[in-house]
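Report on one structure; see the data block that follows.
The following block contains the structure:
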């Protein structure tokens, strides 16, 4: 690949050399430009270095040295000579920076354009390789991009994220832990330069969670939460970590928080998962080991309100919640020694079982093929004393269970 750069024609260079600018550009630099124009980049490098024996403070010389090294780097890329490309991109960067240090006003824009050109070439190729799952080649080009412009840590960050992606790919599962460890090392490298970078901290927390270093991940998540509590992506990540830890109540709290934020904004495109998150939260809240039944009822009712047509899953979760809530209150009533409180709890449990029966009847009418609907309806009817109906519905449950492949 030949870099598309504007090179002065030889005749114009001669004229410039004969003009009043001759004192600003040495004969060695002028010769080097001619060699670059002829694509003889090694000779250009040699001539400029020879000129440094006489003068080493010429901005032009360092700029065109950078140009020569850039071309050599691209030739090395074309020839699959990675180490050579890496070396020449680094030398080009050093030369460009020196030219700008010597004459910031005259060379800042030119240097910026050349560095950006080198950087973008490699990033563009890395992106193409990454899209095609050529991960090794993509990493190579990103490392070359970093050598071409080490002021930007984006290539290192991208490599880390690519390794995170690879760790989830079935083709690399055997190396998943090693890939995540490499990603973590790269993220730490970038964080040294920018320790407060939110997206990098978030990536690091997710990598730590994937490595089962959940305590470390939770510490980062909690710190981020203090400053970015309205970032739904962060909240989802924290919920996922809570699920991994088996802390389903915490996961449910964050799911509900995400839904609250989604419903409060004006972007309808992020509302797609709201119902599923509410149903999941309600299911966790209503599990007997958590027992936050009032919270479960609230979020499951919210989920039902989002449905234009009732679904069996939401209805089943509501039925199940009222049944478990009734059982919990009934158990409390049995343990209560105060007669008045005992009676109140007994009445409350009856109300909850009756509500479970109402939902169960509606569910079995709407979804006669859902076995668990008949099961929880029959359990609730046993609690209300309707044993005949409970027997019929339990039989329906057993028949559906038998018919299930």
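Residue numbers (the numbering used here): 12 to 416.
Glycine included, C-beta positions come from ideal geometry on N, C-alpha and C.
Exercise. Scan the region 342-378 and note each continuous beta strand (DSSP E) run of 3 residues or more that stays entirely inside, going in chain order.
Key: none
Practice problem: For the region 343-350 and the region 297-308, state whether three or more C-beta atom pairs, one from each stretch, are separated by less than 8 Å. | Solution: no
Quiz item: So what's residue 208 in DSSP terms, helix, strand or just coil?
Solution: In the displayed model, residue 208 falls within coil according to three-state DSSP, outside both helix and strand.
Quiz item: Which of helix, strand or coil does DSSP assign to residue 398?
Solution: helix
Exercise. May I ask you to verify whether the region 184-204 touches the region 122-130, counting CB pairs closer than 8 Å and requiring at least 3?
Key: No contact exists between the region 184-204 and the region 122-130.
Quiz item: Is there contact here, the region 152-171 with the region 189-205, by at least three beta-carbon pairs under 8 Å?
Solution: yes
Quiz item: Which runs of the alpha helix (DSSP H) spanning at least 4 residues fall entirely within the region 46-111, listed in chain order?
Solution: 52-62, 70-89
Exercise. Figure out for me which residue from 283, 351, 387 has the closest Cα to the Cα of residue 365.
Key: The candidate whose alpha carbon is nearest that of residue 365 is 387.
Quiz item: Nearest to residue 199 by CA position, among 232, 225, 180, 164, is which residue?
Solution: 164
Quiz item: At which residues does the alpha helix (DSSP H) containing residue 140 begin and terminate?
Solution: 115-142
Practice problem: Tell me whether residue 15 sits in a helix, a strand or coil according to DSSP, three-state version. | Solution: The predicted model places residue 15 with a pLDDT of 46, which falls under 50 and marks its position as unreliable; any figure quoted below should be read in that light. Coil, per DSSP.
Practice problem: Return helix, strand or coil for residue 235, following the three-state DSSP convention. | Solution: helix
Quiz item: Going by C-alpha distance, which of 139, 142, 158, 138 is nearest residue 103?
Solution: 158
Quiz item: Is the region 94-109 touching the region 73-84, taking contact as three or more C-beta pairs under 8 Å?
Solution: yes
Exercise. May I ask which residues mark the beginning and end of the alpha helix (DSSP H) holding residue 243?
Key: 243-255
Practice problem: Just list the alpha helix (DSSP H) runs in the region 251-289, keeping only unbroken ones of 4 residues or longer that don't cross its boundaries, in chain order. | Solution: 259-275
Quiz item: Below 8 Å between beta carbons: does that hold for residue 314 and residue 289?
Solution: yes
Quiz item: Using 8 Å as the Cβ pair cut-off and three pairs as the minimum, do the region 149-157 and the region 102-121 touch?
Solution: no
Exercise. Report the rounded CA-to-CA distance for residue 264 versus residue 212, giving the unit in angstroms.
Key: Straight-line Cα distance between these residues: approximately 22 Å.
Exercise. Assign residue 417 to buried or exposed, taking buried as 16 or more other Cβ atoms, counted over all protein chains shown, within 10 Å of its Cβ.
Key: Absent from the model: residue 417. The displayed extent of the chain is 12 to 416, so no value can be given.
Exercise. Using the Cα positions of residue 327 and residue 309, report the straight-line distance between them to the nearest angstrom.
Key: 15 Å
Exercise. Please work out which residues of its chain come closer than 8 Å, Cβ to Cβ, to residue 339, disregarding the five sequence neighbours upstream and downstream, and give them in chain order.
Key: 299, 302, 304
Quiz item: If residue 404 and residue 321 are in contact, beta carbons under 8 Å, what's the gap, nearest whole angstrom?
Solution: That pair is no contact at about 19 Å.
Quiz item: Just reading off the alpha helix (DSSP H) that residue 151 is part of, what are its end residues?
Solution: 146-159
Practice problem: Could you name the residues of the same chain whose beta carbon sits closer than 8 Å to that of residue 395, not counting the 5 residues immediately before and after it, in chain order? | Solution: 361, 364, 365, 368
Exercise. Compute the distance between the beta-carbons of residue 129 and residue 160, then report whether it is under 8 Å.
Key: yes
Quiz item: Which stretch, first to last residue, makes up the alpha helix (DSSP H) that contains residue 313?
Solution: 304-316
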